[in-house]
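A short write-up of the structure that comes next.
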Amino acid sequence: MNLVEASHAALEEIASDDLESLSAEEASACAAQLRKLLHAHNYRYHVLDDPVIADVEYDRLLRGLQKLERLHPDLVTPDSPTHRVGGSVQDRFEKVRHPVALLSLSNAFDVDELEAWYDRCRRGLSEHFGGDVRPVMTVELKLDGLAVAVTYEAGELVVGATRGNGIEGENITRNVRTIPSIPLVIPPEENDLPRPARLEVRGEIFIRKSDFERLNERAVAEGEKPYANPRNAAAGSVRQLDVSITASRPLSFMAYGVGPFEGVEPPDSQLSLLTWLGSYGFPVNEHTKRCASIEEVEATYEGWSTRREELDYEIDGLVVKIDAFDQQEELGYVSNAPRWAVAYKFPAQEATTTLKDIVVNVGRTGAIKPEAVLEPVHIGGVTVSQATLHNEDYIVNRDIRIGDVVIVKRAGDVIPQVIKPITEAREGDLPKWSMPGRCPACGTELVRLPDEADYYCMSTECPAQFIRLVEHFASRGAMDIEGLGAKLAVELVENGLVRHLSDIYRLTADELKTLDLFGEKRARNVLEGIDASRGRPLSQLLFALGIRHVGRTTAETLVEYVASLDELAEASAVDLERIDGIGAVIAESIVDWFKVDQNRRLVRSLAESGVNTKRLPEEEPVSAAEHQAAGKTFVLTGSLPTLTRTEASERIKAVGGRVTSSVSGNTDYLVAGDDPGSKYDRAQELGTVILNEEELLELLAG
Ligand code: IVH
Numbered sequence: 001m002n003l004v005e006a007s008h009a010a011l012e013e014i015a016s017d018d019l020e021s022l023s024a025e026e027a028s029a030c031a032a033q034l035r036k037l038l039h040a041h042n043y044r045y046h047v048l049d050d051p052v053i054a055d056v057e058y059d060r061l062l063r064g065l066q067k068l069e070r071l072h073p074d075l076v077t078p079d080s081p082t083h084r085v086g087g088s089v090q091d092r093f094e095k096v097r098h099p100v101a102l103l104s105l106s107n108a109f110d111v112d113e114l115e116a117w118y119d120r121c122r123r124g125l126s127e128h129f130g131g132d133v134r135p136v137m138t139v140e141l142k143l144d145g146l147a148v149a150v151t152y153e154a155g156e157l158v159v160g161a162t163r164g165n166g167i168e169g170e171n172i173t174r175n176v177r178t179i180p181s182i183p184l185v186i187p188p189e190e191n192d193l194p195r196p197a198r199l200e201v202r203g204e205i206f207i208r209k210s211d212f213e214r215l216n217e218r219a220v221a222e223g224e225k226p227y228a229n230p231r232n233a234a235a236g237s238v239r240q241l242d243v244s245i246t247a248s249r250p251l252s253f254m255a256y257g258v259g260p261f262e263g264v265e266p267p268d269s270q271l272s273l274l275t276w277l278g279s280y281g282f283p284v285n286e287h288t289k290r291c292a293s294i295e296e297v298e299a300t301y302e303g304w305s306t307r308r309e310e311l312d313y314e315i316d317g318l319v320v321k322i323d324a325f326d327q328q329e330e331l332g333y334v335s336n337a338p339r340w341a342v343a344y345k346f347p348a349q350e351a352t353t354t355l356k357d358i359v360v361n362v363g364r365t366g367a368i369k370p371e372a373v374l375e376p377v378h379i380g381g382v383t384v385s386q387a388t389l390h391n392e393d394y395i396v397n398r399d400i401r402i403g404d405v406v407i408v409k410r411a412g413d414v415i416p417q418v419i420k421p422i423t424e425a426r427e428g429d430l431p432k433w434s435m436p437g438r439c440p441a442c443g444t445e446l447v448r449l450p451d452e453a454d455y456y457c458m459s460t461e462c463p464a465q466f467i468r469l470v471e472h473f474a475s476r477g478a479m480d481i482e483g484l485g486a487k488l489a490v491e492l493v494e495n496g497l498v499r500h501l502s503d504i505y506r507l508t509a510d511e512l513k514t515l516d517l518f519g520e521k522r523a524r525n526v527l528e529g530i531d532a533s534r535g536r537p538l539s540q541l542l543f544a545l546g547i548r549h550v551g552r553t554t555a556e557t558l559v560e561y562v563a564s565l566d567e568l569a570e571a572s573a574v575d576l577e578r579i580d581g582i583g584a585v586i587a588e589s590i591v592d593w594f595k596v597d598q599n600r601r602l603v604r605s606l607a608e609s610g611v612n613t614k615r616l617p618e619e620e621p622v623s624a625a626e627h628q629a630a631g632k633t634f635v636l637t638g639s640l641p642t643l644t645r646t647e648a649s650e651r652i653k654a655v656g657g658r659v660t661s662s663v664s665g666n667t668d669y670l671v672a673g674d675d676p677g678s679k680y681d682r683a684q685e686l687g688t689v690i691l692n693e694e695e696l697l698e699l700l701a702g
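The sequence shown begins at 1 in the numbering used here and counts up one residue at a time.
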């Protein structure tokens with residue numbers, strides 16, 4: 001019987017609901033079978049990412065086991081999957097001494113420090129092994145969570161401990177047992193591997209960004225203070241004396257090393273160790289790779305410093321390790337860190353500074369956005385003096401007050417944001433902040449719509465909204481008018497040169513020259529920029545118009561179905577809702593926009609000024625259904641030579657393909673780059689077609 005059949009048989013047995021009538025012996029056999037099935041499903045779900053039964057069926061199996069354990073308490077085993085749901089509350093954490101200390105890492109903050117580290121390793125190894133040794137490195141992502149050591153005896157999870165001071169940590173075994181991706185027994189049933197007499201696995205517990213957002217939303221809804229960041233949320237969630245709280249938190253785990261072991265022989269290098277840990281049932285990071293030179297490490301670092309935002313978890317750098325264990329051993333340790341590894345950190349993304357003021361800005365849709373005025377502070381090489389505070393609830397829930405010392409975060413290209421106040425540093429009694437009653441630009445009373453976090457200025461004549469609309473219209477991705485930025489938008493509107501968007505296309509050099517700092521040359525440049533924008537694709541114009549809920553993607557989707565602005569103007573909400581990806585809210589917003597006479601006049605006027613309002617040939621939709629990759633399932637692994645993962649996924653989806661994260665019988669193609677990892681082995685096992693990047697591009701080109 002395979003796993004699915006065995007599970008269905010067990011479900012029937014549970015459903016018949018005479019678990020009470022089982023003899024002690026039968027109950028014991030049934031419990032053992034349920035434990036085995038639940039472990040296997042856990043592994044498929046959390047490690048292989050490839051479940052074979054429905055969540056409700058899993059829950060039924062789990063409840064069956066819980067019931068048996070209630071009826072026969074002697075059947076509870078330390079590895080029982082029921083431990084994942086919590087239990088009684090303890091009053092403190094016991095201390096545990098780590099048999100082998102959990103070390104920390106020394107840091108490198110720039111390429112010189114990294115090179116200095118590598119040169120030290122080279123010298124040390126060359127002296128010992130002779131010749132010029134250029135050791136190969138394993139480069140891992142440095143997950144930003146908390147370190148944990150999990151010990152297995154005879155294959156069963158017996159202890160989970162925090163790092164603590166490295167020598168002694170806290171016993172969080174019961175909490176660790178609730179984390180679904182940490183196996184309770186190893187190896188997984190289907191892997192025919194020896195069961196270790198003893199094995200300590202080390203890794204990072206963390207919370208995914210998407211889970212973090214949901215967790216904080218829930219916290220706020222329940223009147224609790226949100227966590228500042230995923231790392232704090234992970235640490236706070238693990239160290240709960242009431243284990244059922246830990247169980248309710250979306251904690252994840254990835255392994256990156258081992259401590260002491262007996263009765264097994266792990267491989268002799270870091271990268272193979274990770275693959276080995278994977279086969280023992282531990283999630284390991286898929287982006288790990290070997291590098292033969294510092295140049296390669298540097299390129300990987302550069303790559304991740306821009307792409308880290310694409311990951312669904314936070315990383316604060318890379319961990320570079322000498323790959324071969326005999327070389328690691330030779331290099332040894334200094335005080336509390338290995339010589340064979342270094343953390344190559346990204347520049348800090350957070351800093352503290354004083355919140356000098358909170359001002360509110362009016363967006364192009366009339367939404368009122370509170371913004372922090374900060375004492376300027378350097379974050380990751382940039383001076384930050386303003387940051388978003390999102391909305392009223394954000395400020396109130398975090399109790400942010402003018403005069404507070406606050407944590408500010410700047411991540412990638414995202415607008416800096418205030419994370420939270422440091423209330424301990426608050427001096428005296430700072431007044432609570434509240435939203436002003438009127439629009440700062442036009443004085444109209446502000447309203448907060450039901451179910452929306454933002455306040456709005458509803459005036460159609462609010463100059464601030466119009467300035468923002470002009471700015472948006474000209475921005476990149478919209479009409480992309482070179483030379484027309486935020487400052488010029490203000491000047492044009494305030495000096496009465498632009499009263500409607502279409503006025504932009506009637507501007508003259510003489511008019512522009514009446515503005516401050518405008519000479520002949522600048523005027524000519526701006527006019528050239530405006531002229532060039534007449535030929536932008538329809539989807540860009542559609543986005544530029546600033547219709548509520550019509551972002552860039554929605555605009556592109558619409559243009560697949562409508563060939564001109566006139567055609568869109570005639571569409572009914574029902575027509576629009578037939579389009580995949582267009583829901584009632586978007587459809588209604590579009591129809592409402594075209595109902596306004598002024599907007600219809602705008603469309604006509606733009607067309608009269610020579611602005612393109614029709615679909616361009618390059619916007620013609622490709623018929624996805626006809627493409628040979630349509631409906632096919634792809635899995636990506638390893639790093640591809642030219643495409644990022646996101647780019648590859650997008651191209652596959654553009655021709656109607658699907659991208660999933662793990663290889664199964666349903667996978668049609670595995671796209672493999674360098675250092676592909678375990679997915680590659682699995683694809684080979686299953687006989688899945690394996691493509692390199694070039695072959696993928698050929699396939700996509702049809
Ligand atoms: S190796 C002796 N690998 O970083 C080696 N650590 O600053 C010690 N971390 O406490 C750890 N990702 O919590 C290693 N891929 C990774 C890691 C990693 C995150 C954390 C770990 C450790 C801290 C050291």
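Don't be surprised by glycine CBs; every beta carbon is placed ideally from N, CA and C. Just so it is clear, the structure is predicted and the values come from calculations on it, not from any experiment.
Those residues whose C-beta sits under 6 Å from the nearest heavy atom of the ligand IVH are, from N- to C-terminal order along the chain, L103, S104, L105, E140, K142, L143, A147, R163, E204, Y256, G257, V319, P338, A341, A343. DSSP places N361 inside the beta strand (DSSP E), whose first and last residues are 350-362. Residue N397 holds the alpha-carbon nearest to the alpha-carbon of N216 among I294, N397, Q386. Using a C-beta cut-off of 8 Å, the region 684-695 makes contact with the region 655-674, since at least three inter-stretch Cβ pairs fall below that distance. K345 carries a strand assignment under DSSP once its states are collapsed to helix, strand and coil. Taking the C-beta atoms as reference points, P266 is found no nearer than 7 Å to E200. Here the alpha carbons of D393 and S106 stand approximately 40 Å from one another. Per DSSP, H8 has no beta bridge partner at all. In chain order, T388 place their CB closer than 6 Å to the CB of I415, counting only its own chain and leaving out the 5 sequence neighbours on each side. Across the structure, R70 and I422 are spaced so that their CA atoms are roughly 46 Å apart. Secondary structure note for R198: its beta strand (DSSP E) is the uninterrupted segment 198-207.
DSSP, reduced to helix, strand and coil, places R604 within a helical segment of the structure shown.
Here the alpha carbon of V406 sits roughly 14 Å from the alpha carbon of Y227. M254 places its beta carbon 7 Å or farther from that of G317. L277 sits away from I205, with the two beta carbons spaced by 7 Å or more.
Per the C-alpha coordinates, the member of I186, E570, L430, F543 positioned closest to E153 is I186. For Q417, DSSP records a beta bridge to T388, K409. If you ignore the 5 residues before and after H472, its C-beta comes within less than 8 Å of the C-beta of R364, A478, A544, G546, all in its own chain and listed in chain order. Contact between P196 and G263 is confirmed by a C-beta separation of about 5 Å, below the 8 Å threshold. Per DSSP, I315 lies in no alpha helix (DSSP H) segment; the continuous beta strand (DSSP E) that holds it begins and ends at 315-322. The beta carbon of S305 sits closer than 7 Å to those of F346, all from its chain and outside the five residues before and after it, given in chain order. In the DSSP assignment, H378 forms a beta bridge with T383.
Closest in C-alpha terms to L19, from the list D144, L65, G223, L449, comes L65. CA-CA distance, L492 to P617, rounds to 34 Å.
Counting of Cβ neighbours within 10 angstroms places A221 among the exposed residues, the total staying below 16. In the structure shown, the three-state DSSP call for P450 is coil. For the pair E620 and L542, the Cα-to-Cα distance works out to about 16 Å.
Looking at G583, S572, V359, S533, the one whose alpha-carbon comes closest to that of T557 is G583. Per DSSP, reduced to three states, the secondary structure at C442 is coil, with no helix or strand assignment. DSSP places S678 in the uninterrupted alpha helix (DSSP H) bounded by 678-686.
Annotation for R658: the continuous beta strand (DSSP E) segment containing it runs 658-660. The beta carbon of L11 is closer than 7 Å to those of E57, R60, L61 in its chain, skipping five residues each way along the sequence. Rounded to the nearest whole angstrom, the C-alpha separation of A372 and V359 is 7 Å. In the DSSP assignment, P370 forms a beta bridge with V360. The three-state secondary structure of C291, taken from DSSP, is strand.
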